[in-house]
Amino acid sequence: MTYHVLTLFPEMVRQGLGDSIIGKAIERGTITLDVVDIREYTKERHGQVDDYPYGGGAGMLMQAQPVYDAHRAVTDGRAVRTVYVTPQGQPFTQRLAREYAAEKELVFLCGHYEGIDERVLEEVVTDRVSIGDYVLSGGELAAMVMIDATARLLPGVLGNSLSAQEESFHNDLLEYPQYSRPAVWHGKKVPEVLLSGDHRKVEAWRLEQARSRTRQVRPDLYERYQNKQHLLHRLSGDKRNHIHMMESLRRGQGEILADRDGDILIYHQDSRICMMEAGSLEEPGIKGWEYLAGKIPSQAKWCLVTQESLVELLEQEGYQVFNQCSQFLYTLREPLPVGHRDIRVLTLEHLDYLCAHYGQEQRAYLEERTGSGYMYGVFVEGILRGFVGMHSEGSIGFLYVEPCCRRQGLAGSLEAYCVNRHLERGWIPYGHVVQGNEASEALQEKLGFYRAGKTFWWLEKKPCI
């Protein structure tokens, strides 16, 4: 990720982001910070970048020309998402942070004085965003807040891939209270349950504390959390066919965009997948379809559905069938035996091998999955011979073993290893097998996976011509 910051105070930004986790990520080259001084692009003799506003009023306004030229200098005319930080913008949220983290580049435009000439904003800005209902002296602090919030979601920034998933606002709950040594401080004791060593009791206590805190401090978030729990309860009535939706919600990645009279749309933002079900398709007039169609985000790339009539309607909306699959899920709590011992988490040094066997056109996707720590490889006599991984929406996939090493139990060991990693995180493992792949279907059943009764269609949005 490259962050470009257009500002009148470049040192303020460099110093503000140069320390701690973000500073270390910059040093490692995990992220790139490009701070641009707008004054360097003014054509005024004395470096002036502001002038009086037409129509009068207090204060000065940043001129259009230096802002435009600075923006052109960093983008070279490319379409790069450009964020103007302003109290007049949409609120910055964790959802927007995840959306920004999916970009390769971002430009942050920091205003000052009374703002920036509206004409240049109309020409270069794609997003107007606010970090709160108050006024700052300039946009630098707000830009740094957004950079910090998005950067920590990127692979390799935090170091621990679970850290970003377990913080405040994950799954619509505020973070539970935490304690460190000593066990007694100022007469206040650490809750006994945290000293018990019983991990299940600790997790139950933390969940209840998170619920209680959210209910008291952020009732709006708590209402959203309750809505999600109610939907999860309904979906659990047909767990095998709904596990993809349930896990997306349980892992805090899916967002409910529609839930009315059996019409459900869950959007997985990171992978741009709509998981859909139309409860009213069998009724005359297909009354729910217009409701669902209006909820599909414009940036959605995939739809995952289990109703053939819904497939036909999505095809009319510009989607095309990519695959027909069966869904398998592993509901046991017990880890699986891993026959082959030398299985490791893959790193970016293995990216060329992955691309050679999974497809060069998937390089960016494989790089993101590997950088996130979700690709695992099996080694035979020290040589990488196959791999498995977790797709961005949460399913197990990518399974591959070289022909020379097949029928040796390597595929089963790889998938068992991946299942166990899921179980360690408290997730229910599931995956999709293309219909007709009898060998893979037999492997799922051998490992103890259950087959869902419905057919699953993956549809991809047709490219615009």
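Add 1 to the 1-based position in the sequence shown for the working numbering, that's all there is to it.
Cβ atoms here follow ideal geometry from the backbone N, Cα and C, with glycine treated the same way.
Query	Result
Which residues DSSP lists as bridging residue 131, in chain order	92
Residue 158 beta carbon less than 8 Å from that of residue 128	no
Residue 26, buried or exposed, once every other Cβ within 10 Å from all chains shown has been counted against 16	buried
Cα-Cα separation, residue 125 to residue 445	51 Å
Local Cβ density within 10 Å of residue 275, reported as buried at 16 or more and exposed below that	buried
8 Å CB neighbourhood of residue 247 in its chain, flanking five on each side removed	233, 236, 237, 240, 429
Check whether residue 109 and residue 226 have beta carbons under 8 Å apart	no
Beta carbon of residue 65 nearer than 8 Å to that of residue 99	no
Reduced DSSP secondary structure (H/G/I, E/B, other) of residue 125	helix
Distance between beta carbons of residue 372 and residue 349, contact taken as under 8 Å	6 Å
Rounded straight-line distance, which links the Cα of residue 374 to that of residue 6	29 Å
Contact set for residue 18: own chain, Cβ-Cβ below 8 Å, skip 5 residues either direction	24, 27, 34, 145, 148, 149
Under 8 Å between C-beta atoms of residue 436 and residue 327	yes
Own chain residues within Cβ distance below 6 Å of residue 414, not counting five before or after	339, 340, 341
For residue 13, the first and last residue of its enclosing alpha helix (DSSP H)	11-18
Three-way DSSP call (helix, strand, coil) for residue 167 in this model	Since pLDDT at residue 167 reaches only 44, below the 50 mark, its modelled position is unreliable, and the value read off the structure follows with that caveat. The answer is coil: DSSP assigns residue 167 none of H, G, I, E or B.
Residue 433 in three-state terms, based on DSSP	strand
Buried versus exposed, by CB contacts within 10 Å (16 or more), residue 156	buried
Simplified DSSP state of residue 321, which is helix, strand or coil	strand
Residue 379 versus residue 177: straight-line alpha-carbon distance, rounded	38 Å
Secondary structure of residue 62, DSSP reduced to three states	strand
Cβ-Cβ distance between residue 255 and residue 280 below 8 Å	no
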